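Same order as they appear, the protein sequences are chains Z and W. Numbering of the first sequence is given in the numbering used here, commencing with residue 1 and proceeding in unit increments. Numbering of the second sequence is given in the numbering used here, commencing with residue 510 and proceeding in unit increments. Working notes for the structure below.
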Amino acid sequence: MSATRPGARWFTAAADDELTIFERSREGRRAFVAPELDVPRRPLDELLPGELRRAESPRLPEVSEPEINRHYNRLSKRNFDLDTGFYPLGSCTMKHNPKLHERVAALPGHAKLHPLQDPARAQGALELMWQLQQALAEIAGLPHVSLQPSAGSHGELAGVLLTRAYHEDRGEHRTKVLTPDTAHGTNPATVTMAGYEVVKVGTDERGNVDLDDLRAKADDDVACLMLTNPSTLGLFETGIDEVARIVHGIGATLYYDGANLNAIMGICRPGDMGFDIVHFNLHKSFTQPHGGGGPGAGPIAVSDRIEPFLPRPQVVRREASGNGAGEAYYDLDHERPKSIGRLRGFQGNYGVFVRSYAYIRSLGAAGLKEVSEVAVLNANYLLARLRAEGVLDQLPVAYDRLCMHEFVLSGSPMKRDLKIKTLDLAKRLLDHGVHPPTVYFPLIVDEALLVEPTETETKETLDGFAEVVAEILREAREDPEIARGAPYTTPVRRLDEAAAARNPVLRQP
Amino acid sequence: MTQYTSATDADRAQMLDAIGVESIEDLFAEIPERLRLRRPLALDQGLAEQEVYEELRELAARNVSTEDEISFLGAGMYDHYIPALVDSIILRSEFLTPYTPYQPEISQGGLQAMFEYQTAISELTGLPVSNASVYEGPSAVAAAGYVAKLANGRTRFIASRGVHPHSRETLRTLAHGWGMAVDEAPLSDGATELPEIGEDVSAVIVQQPNFLGAVERLEPIVEAAHRTGALVICACDPLPLALLKSPGECGVDIAVGEGQTLGNRLDFGGPSFGLFAVTDALMRRIPGRIAGETRDADGRRGFVLTLQTREQHIRRERATSNICTAQALNALAGIVYLSWLGRRGIVELVELMLQRTGYARDRLQAIDGVVPLHGQPVVREFAVALEAPVEAVIRRCREQGINPGYPLGRDYPEFENGLLVALTERRTRDQIDRLAEVLASAIASERSELAGART
Numbered sequence: 001m002s003a004t005r006p007g008a009r010w011f012t013a014a015a016d017d018e019l020t021i022f023e024r025s026r027e028g029r030r031a032f033v034a035p036e037l038d039v040p041r042r043p044l045d046e047l048l049p050g051e052l053r054r055a056e057s058p059r060l061p062e063v064s065e066p067e068i069n070r071h072y073n074r075l076s077k078r079n080f081d082l083d084t085g086f087y088p089l090g091s092c093t094m095k096h097n098p099k100l101h102e103r104v105a106a107l108p109g110h111a112k113l114h115p116l117q118d119p120a121r122a123q124g125a126l127e128l129m130w131q132l133q134q135a136l137a138e139i140a141g142l143p144h145v146s147l148q149p150s151a152g153s154h155g156e157l158a159g160v161l162l163t164r165a166y167h168e169d170r171g172e173h174r175t176k177v178l179t180p181d182t183a184h185g186t187n188p189a190t191v192t193m194a195g196y197e198v199v200k201v202g203t204d205e206r207g208n209v210d211l212d213d214l215r216a217k218a219d220d221d222v223a224c225l226m227l228t229n230p231s232t233l234g235l236f237e238t239g240i241d242e243v244a245r246i247v248h249g250i251g252a253t254l255y256y257d258g259a260n261l262n263a264i265m266g267i268c269r270p271g272d273m274g275f276d277i278v279h280f281n282l283h284k285s286f287t288q289p290h291g292g293g294g295p296g297a298g299p300i301a302v303s304d305r306i307e308p309f310l311p312r313p314q315v316v317r318r319e320a321s322g323n324g325a326g327e328a329y330y331d332l333d334h335e336r337p338k339s340i341g342r343l344r345g346f347q348g349n350y351g352v353f354v355r356s357y358a359y360i361r362s363l364g365a366a367g368l369k370e371v372s373e374v375a376v377l378n379a380n381y382l383l384a385r386l387r388a389e390g391v392l393d394q395l396p397v398a399y400d401r402l403c404m405h406e407f408v409l410s411g412s413p414m415k416r417d418l419k420i421k422t423l424d425l426a427k428r429l430l431d432h433g434v435h436p437p438t439v440y441f442p443l444i445v446d447e448a449l450l451v452e453p454t455e456t457e458t459k460e461t462l463d464g465f466a467e468v469v470a471e472i473l474r475e476a477r478e479d480p481e482i483a484r485g486a487p488y489t490t491p492v493r494r495l496d497e498a499a500a501a502r503n504p505v506l507r508q509p
Numbered sequence: 510m511t512q513y514t515s516a517t518d519a520d521r522a523q524m525l526d527a528i529g530v531e532s533i534e535d536l537f538a539e540i541p542e543r544l545r546l547r548r549p550l551a552l553d554q555g556l557a558e559q560e561v562y563e564e565l566r567e568l569a570a571r572n573v574s575t576e577d578e579i580s581f582l583g584a585g586m587y588d589h590y591i592p593a594l595v596d597s598i599i600l601r602s603e604f605l606t607p608y609t610p611y612q613p614e615i616s617q618g619g620l621q622a623m624f625e626y627q628t629a630i631s632e633l634t635g636l637p638v639s640n641a642s643v644y645e646g647p648s649a650v651a652a653a654g655y656v657a658k659l660a661n662g663r664t665r666f667i668a669s670r671g672v673h674p675h676s677r678e679t680l681r682t683l684a685h686g687w688g689m690a691v692d693e694a695p696l697s698d699g700a701t702e703l704p705e706i707g708e709d710v711s712a713v714i715v716q717q718p719n720f721l722g723a724v725e726r727l728e729p730i731v732e733a734a735h736r737t738g739a740l741v742i743c744a745c746d747p748l749p750l751a752l753l754k755s756p757g758e759c760g761v762d763i764a765v766g767e768g769q770t771l772g773n774r775l776d777f778g779g780p781s782f783g784l785f786a787v788t789d790a791l792m793r794r795i796p797g798r799i800a801g802e803t804r805d806a807d808g809r810r811g812f813v814l815t816l817q818t819r820e821q822h823i824r825r826e827r828a829t830s831n832i833c834t835a836q837a838l839n840a841l842a843g844i845v846y847l848s849w850l851g852r853r854g855i856v857e858l859v860e861l862m863l864q865r866t867g868y869a870r871d872r873l874q875a876i877d878g879v880v881p882l883h884g885q886p887v888v889r890e891f892a893v894a895l896e897a898p899v900e901a902v903i904r905r906c907r908e909q910g911i912n913p914g915y916p917l918g919r920d921y922p923e924f925e926n927g928l929l930v931a932l933t934e935r936r937t938r939d940q941i942d943r944l945a946e947v948l949a950s951a952i953a954s955e956r957s958e959l960a961g962a963r964t
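See below:
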């Protein structure tokens with residue numbers, strides 16, 4: 001297959017093998033110049049006995065600063081990124097990351113603040129955290145927030161452990177947690193990690209939770225139902241009231257996976273739907289850059305009955321006491337006798353809080369609502385455009401309803417008729433300078449393609465994407481080998497993942 | 510229209526027409542009316558960029574950062590100098606803004622950086638398999654506990670009292686869900702006392718250097734644990750590992766740790782990253798992402814996320830962890846920092862800390878009213894006991910622009926007036942001398958005040 005198939009060449013770096021930083025190492029080169037030793041030098045043995053020391057220093061690279069700089073700059077050019085192009089990765093909410101946020105997060109008062117600084121000397125940080133808690137509580141429609149969890153799955157773990165504490169406090173020992181068969185993999189994995197058994201609930205023909213199946217499985221042993229709404233199919237769970245009635249009817253908690261919150265900010269609220277516990281992904285709806293796989297943050301919001309169990313410490317606002325002259329101040333409350341305890345060190349990913357707080361302040365109530373409106377408008381428009389292009393003949397929408405901020409297509413007919421799989425379509429999109437949608441998730445849709453354009457994108461970008469997909473299908477009708485061999489224009493071609501897993505090479509020899 | 514969206518009125522009209530609905534409101538028709546929020550969110554209205562900047566600047570100004578005082582605070586996070594190179598690399602859009610590298614052909618930069626990071630962590634810890642990062646230090650300890658539970662199915666952990674209090678508490682939070690108990694091994698002269706290790710012990714957990722700054726002798730603990738089939742988890746500060754015998758060399762099964770000291774900002778506690786390395790035997794139980802080397806269709810070297818059958822998106826309820834988003838950008842800062850230090854530099858840096866810490870320890874312990882809290886070797890942090898109320902002494906020192914360290918009494922009732930003092934390469938001899946002066950005078954003042962109160 002020729003390597004000069006049509007498609008833009010986005011990558012400017014040479015496609016040659018890149019040496020690793022270790023392969024660039026030459027003995028004696030260095031970037032670091034140590035500050036002068038300004039205290040009397042004592043023999044090493046006196047300070048650190050020989051039997052505690054290593055015989056050989058760790059073999060870190062020996063490279064000069066210009067070389068490190070060039071190395072990582074060259075590596076960067078072998079990454080596709082959101083700042084360069086369309087990234088409709090379903091369930092991941094790849095929205096613009098405002099540059100202001102990096103500037104304010106880097107201010108020394110935020111970036112160089114030690115986590116054990118006395119609260120009286122970290123009032124700006126604690127106030128910011130408290131204000132963010134208030135804002136998230138309002139968005140979720142639940143009164144109490146802990147910012148501590150480090151990511152969505154960490155928030156889920158917090159939520160299930162809170163559920164456990166809630167039941168145990170009432171003297172109950174339940175053993176099962178329900179998750180829909182459409183759930184993110186983190187949901188069932190979390191359930192196991194929190195010491196519960198997973199029970200799967202089915203999906204009905206409209207893409208909602210199968211209420212009959214839910215009723216059949218909802219017994220006194222169920223501690224919680226974990227639900228995403230809109231679901232991972234991009235659909236609003238229209239029976240949510242009934243779901244909440246069933247779950248609360250058996251005394252279980254209702255958990256909200258906030259991965260899809262971007263569809264409903266200011267439109268409706270998980271708390272009003274009956275959810276007891278919500279996690280937010282600040283790296284999704286609230287613009288923390290994804291960083292190639294983190295950092296994120298996964299705050300949780302909870303109802304009154306769950307509040308006593310929230311992780312320690314909790315950021316609180318205290319009214320000034322005594323002489324009455326002082327203002328309210330902010331503090332860390334460690335005295336929480338029913339708390340599940342800590343989930344991590346210190347107070348959470350503060351640097352992420354700064355960015356998300358800046359975002360909420362920039363947009364305000366009206367702006368956040370508009371974000372969700374445009375996210376949903378963009379998704380429905382893109383679906384309509386794909387339909388108009390004839391794409392849905394080969395890639396039908398899994399559930400033909402109004403979608404929320406994302407939708408799922410099935411590549412099943414395409415695989416049968418055009419002899420290319422969803423994976424091939426995804427790889428061919430790479431040659432067109434587009435990041436593919438999420439593929440093969442949700443699991444209940446055959447050859448799934450989960451598309452989330454986000455509010456960031458213009459109509460022109462969406463039009464362009466629809467045309468590219470149509471073009472790839474036309475091309476496949478003529479010659480499916482092109483897509484099957486894709487990509488061609490990327491720094492490397494299709495990689496052998498099976499070989500990597502069979503014979504793991506996980507570090508430089 | 511917001512500053513971050515582009516749909517004009519004309520766009521909206523065309524888009525709604527293409528969808529076949531009248532209004533944006535119609536797109537939300539599936540949401541039951543009862544659930545619609547028919548009022549604006551109770552949040553302030555949006556602001557101009559410059560207004561947001563001013564507000565965030567004002568909040569920052571109300572914090573006392575390590576630029577505003579001479580700080581000897583450590584206890585898990587340390588005020589190291591971060592080279593400009595690190596900032597420059599991690600601010601690049603290509604590293605800052607992509608998702609987890611699910612499409613390896615367009616993610617080689619991030620994947621290769623993970624592979625390099627894994628190599629460096631493997632070198633530091635002396636263990637063959639590193640993942641690409643977990644959240645941070647204390648949750649890494651708990652995650653390691655989970656690996657031990659999966660590996661041997663036993664019912665109890667023993668954590669040294671020298672393990673960071675946040676790590677012990679985090680482990681306890683999670684272990685409760687697994688129905689496992691966490692017992693503590695006491696310290697003797699600042700070092701972990703060899704505990705009684707029964708057949709029910711899943712893992713023994715120690716920290717290197719421990720919370721009091723003491724360098725632990727790991728081998729006897731490893732030997733005792735392995736004799737009964739328990740694993741050993743060691744939480745390490747990665748920088749001192751430049752000099753210390755590595756956990757792998759000592760026979761440790763799982764090395765974890767707080768990665769902040771490798772080129773990451775303090776950020777009031779996060780985001781940083783957790784390092785996580787294991788023996789070959791535990792390779793398929795390690796949590797989180799791992800980059801591995803492979804070949805592309807043309808036979809060229811490339812990198813992919815590998816061993817994914819451990820992970821939640823494949824294995825679901827049978828995954829070895831629920832972790833998804835971790836700390837890739839922070840780990841990137843880590844590998845850039847380690848490359849910048851280099852093989853010689855990291856040793857020079859840690860030796861500098863060692864010398865200055867030794868100097869500071871001597872200087873402080875020479876003060877009337879300061880006594881050693883333990884006699885173990887230390888690298889970058891040490892503990893002393895004050896013969897005066899520690900919180901009051903700290904307050905006095907801070908008035909002089911010195912933050913002398915962390916009061917141990919909050920976590921260790923047995924060290925009521927203990928003070929934990931941390932050094933980095935940023936703390937010069939002049940600053941140490943100033944600390945000694947200010948501390949001596951604060952202690953003297955407190956003692957004379959107390960004496961005065963008694964008479």
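Heads up, the beta-carbon is just placed ideally off N, CA and C, and yes, glycines get one too. The structure presented is a predicted model; accordingly, all values stated were derived computationally and were not measured.
Query	Result
Quick one: using the 10 Å Cβ neighbour count with 16 as the cut-off for buried, is residue 590 of chain W buried or exposed?	exposed
I'd like to check one pair, residue 536 of chain W with residue 912 of chain W: are the Cβ atoms closer than 8 Å?	no
Determine which residues share a DSSP beta bridge with residue 572 of chain W and list them.	Z:122
Could you give the C-beta distance for residue 132 of chain Z and residue 122 of chain Z, rounded to a whole number, given that I count them as a contact under 8 Å?	Their Cβ separation, rounded to whole angstroms, is 15 Å, which puts residue 132 of chain Z and residue 122 of chain Z out of contact at 8 Å.
Compute the beta-carbon to beta-carbon distance between residue 157 of chain Z and residue 194 of chain Z, rounded to the nearest angstrom, for a pair I have assumed lies under 8 Å.	6 Å
For residue 761 of chain W, which residues of its own chain have a beta-carbon under 7 Å away from its beta-carbon, when the five flanking residues on both sides are left out?	727, 731, 741, 743
Can you tell me whether residue 758 of chain W is helix, strand or coil according to DSSP?	coil
In angstroms with no decimal places, state the Cα-to-Cα distance between residue 9 of chain Z and residue 436 of chain Z.	Confidence is the limiting factor: at residue 9 of chain Z the pLDDT is only 47, short of 50, which leaves the residue's position unreliable and the question unanswerable from this model.
Let me confirm a value: residue 542 of chain W is counted as buried when at least 16 other C-beta atoms fall within 10 Å, else exposed. Which label applies?	exposed
Are the CB atoms of residue 671 of chain W and residue 721 of chain W within a distance shorter than 8 Å?	yes
Does the contact criterion of 3 or more C-beta pairs under 8 Å hold for the region 313-322 of chain Z versus the region 382-389 of chain Z?	no
Does the beta-carbon of residue 959 of chain W have 16 or more other beta-carbons within 10 angstroms, so that it is buried, or is it exposed?	exposed
Expressed to the nearest angstrom, what Euclidean distance is found between the alpha-carbon atoms of residue 456 of chain Z and residue 103 of chain Z?	21 Å
Count the other CB atoms within 10 Å of the CB of residue 174 of chain Z; is the residue buried (16 or more) or exposed (fewer)?	buried
Please report whether the beta-carbon of residue 638 of chain W lies at a distance below 8 Å from any beta-carbon of chain Z.	yes
Show which residues of chain Z have a CB atom less than 9 Å away from the CB atom of residue 576 of chain W.	108, 109, 112
Of all the alpha helix (DSSP H) runs that stay within the bounds of the region 701-782 of chain W, which reach a length of 4 or more residues?	727-736
From residue 143 of chain Z to residue 301 of chain Z, what distance separates their C-alpha atoms?	7 Å
How far does the alpha helix (DSSP H) with residue 800 of chain W in it reach, from first residue to last?	From DSSP, residue 800 of chain W is part of no alpha helix (DSSP H) but of the beta strand (DSSP E) over 800-804.
Just verifying my parser: in three-state terms, what is the DSSP assignment at residue 691 of chain W?	strand
Report the residue from Z:416, Z:419, Z:381, Z:255 whose alpha carbon sits nearest the alpha carbon of residue 407 of chain Z.	Z:381
Could you check whether the Cβ of residue 78 of chain Z sits closer than 8 Å to any Cβ belonging to chain W?	yes
Report yes or no: is there a C-beta of chain Z within less than 8 Å of the C-beta of residue 921 of chain W?	no
If you run the structure through DSSP and keep just helix, strand and coil, what is residue 2 of chain Z?	Because the pLDDT at residue 2 of chain Z is just 36, under 50, the model does not fix this residue reliably, and the point stays unresolved.
Per DSSP, residue 912 of chain W is paired with what?	W:580
Compare the C-beta of residue 84 of chain Z against all C-beta atoms of chain W and say whether one is closer than 8 Å.	yes
Jot down the residue ranges of each uninterrupted beta strand (DSSP E) in the region 802-834 of chain W, minimum 3 residues, whole runs only, in chain order.	810-814
If you drop the 5 nearest sequence neighbours on each side, which residues of the same chain put their C-beta closer than 6 Å to that of residue 421 of chain Z?	415
Within 10 Å of its beta-carbon, does residue 140 of chain Z have 16 or more other beta-carbons around it, so buried, or fewer, so exposed?	buried
Is the separation between the beta-carbon of residue 719 of chain W and that of residue 642 of chain W shorter than 8 Å?	no
At the 8 Å Cβ level, is residue 714 of chain W part of the contact set with chain Z, yes or no?	no
Does the beta-carbon of residue 883 of chain W have 16 or more other beta-carbons within 10 angstroms, so that it is buried, or is it exposed?	buried
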